[in-house]
Amino acid sequence: MIFPIRKPIKRLIIAAFLLLLFTQLTSGCFQFRMSKSEVYEYFKDSGQQPSLKSYKTDGRTIYFADIGKETSQMVIFFHGAPGSWSTFIAFMADKELLDNFRLISVDRPGYGYSDFGIAEPSLLRQAELIKPVLELNRYDKLPILVGHSLGGPVIAKIAMQYPELVGGVIMVAPSIDPELEPSEYWRGPLRLSMLNWVVPRSLRVTNDEIYFLKQELKHMLPHWKDIRIPVTIIQGGKDSLVNPKNAEFAERMLINAEVDIRYYENINHFIPWNNPRLIKEAILDMSSEKSGYDDITSY
Numbered sequence: 320m321i322f323p324i325r326k327p328i329k330r331l332i333i334a335a336f337l338l339l340l341f342t343q344l345t346s347g348c349f350q351f352r353m354s355k356s357e358v359y360e361y362f363k364d365s366g367q368q369p370s371l372k373s374y375k376t377d378g379r380t381i382y383f384a385d386i387g388k389e390t391s392q393m394v395i396f397f398h399g400a401p402g403s404w405s406t407f408i409a410f411m412a413d414k415e416l417l418d419n420f421r422l423i424s425v426d427r428p429g430y431g432y433s434d435f436g437i438a439e440p441s442l443l444r445q446a447e448l449i450k451p452v453l454e455l456n457r458y459d460k461l462p463i464l465v466g467h468s469l470g471g472p473v474i475a476k477i478a479m480q481y482p483e484l485v486g487g488v489i490m491v492a493p494s495i496d497p498e499l500e501p502s503e504y505w506r507g508p509l510r511l512s513m514l515n516w517v518v519p520r521s522l523r524v525t526n527d528e529i530y531f532l533k534q535e536l537k538h539m540l541p542h543w544k545d546i547r548i549p550v551t552i553i554q555g556g557k558d559s560l561v562n563p564k565n566a567e568f569a570e571r572m573l574i575n576a577e578v579d580i581r582y583y584e585n586i587n588h589f590i591p592w593n594n595p596r597l598i599k600e601a602i603l604d605m606s607s608e609k610s611g612y613d614d615i616t617s618y
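Each residue of the sequence shown is one higher than the one before, counting from 320 in the working numbering.
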């Protein structure tokens, strides 16, 4: 005897099939990364091309773009979730920045070409994997780290873990206060369900990172006092993805750092694209000050 499929179940099957079809057809749109030919085309009229590099460490591959003189101060960019090094591509083509800095932008683990699709939720582990980039410094001032969104806690963890390698930190709309992380209960089931298989890989990595982020931020709480270098926070009052009160958290927790809070009431979360001037100004301002330890030579 053949039993008819009930309409709600039939609709669910059709919806699942359409979701699968959609994600397969559009998966390339969710990679958030550029091919080498696209990068070449972007820079072809700028007079310089970034070097696209990678290294292997502790079983993982880290990919990054590098442009500018090795004898200049390094500025290292870290994207949010999702994203890739090309989040900051416009900064790497900026003539004023190139005249003054060596610019590096990193594909964080699981994104871009850094083992795409394989998440690394541990902020400590991310810091360890990215340490070799910091060690590329050939200048007498330590690097400035710039992190957007989830890149914010990543660079804060790097500064906590490797204070001898970091000269200053610029966090842009950072997710850093564990108490301000939203309770998105669907993230856990999504990680474990069959739906996880049909979600584009970059979004799976994002889900895995955000699912563990609150716990990771709690681990960091005792260590904010260990940051003793200049810190700039850039935050928009109309940020609907990261609670603007994260800026207040930074001001409370960074008790041993020189903190510059730059709060703009009418801007949103997408500062690298919509308000890049604010980040550029923060970089130039921080580089003109004495960053890092007392024995580091300033301009």
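Positions of the beta carbon are idealized from the N, C-alpha and C atoms, including for glycine.
Since the model is a prediction, treat every value here as computed from it, not as a measurement.
With contacts defined as CB atoms closer than 7 Å, SER424 and PHE435 fail to qualify as a contacting pair. Around the C-beta of ILE489, 16 or more other C-beta atoms lie within 10 Å, and the residue is accordingly described as buried.
In the DSSP assignment, SER502 is bridged to no other residue. Judged by their CB atoms, ILE463 and VAL394 are nearer to each other than the 7 Å cut-off. For the segment 533-604, the full-length beta strand (DSSP E) segments reaching 3 residues or more read 550-555, 578-583 along the chain.
Taking a contact to require three or more Cβ pairs closer than 8 Å, the segment 583-603 and the segment 541-556 qualify as touching. Rounded to the nearest angstrom, the gap between the Cα atoms of PRO482 and HIS398 is 21 Å. Within a 10 Å sphere around the beta-carbon of TRP592 sit fewer than 16 other beta-carbons, which makes this residue exposed. In the assembly as shown, ILE574 is an exposed residue. Its beta-carbon has fewer than 16 other beta-carbons within 10 Å.
With a threshold of 16 other beta carbon atoms within 10 Å, ASP426 meets it and is buried.
GLY378 is classed as exposed because its beta carbon has fewer than 16 other beta carbons within 10 Å across all chains shown. For ILE590 and GLY470, the gap between their C-alpha atoms comes out near 13 Å. Here the alpha carbons of ARG421 and SER370 stand approximately 12 Å from one another. The beta carbons of GLU500 and LEU442 sit no closer together than 7 Å. For the 7 Å CB-CB criterion, PRO401 and PHE362 do not form a contact. Rounded to the nearest angstrom, the gap between the Cα atoms of GLY487 and LEU417 is 18 Å.
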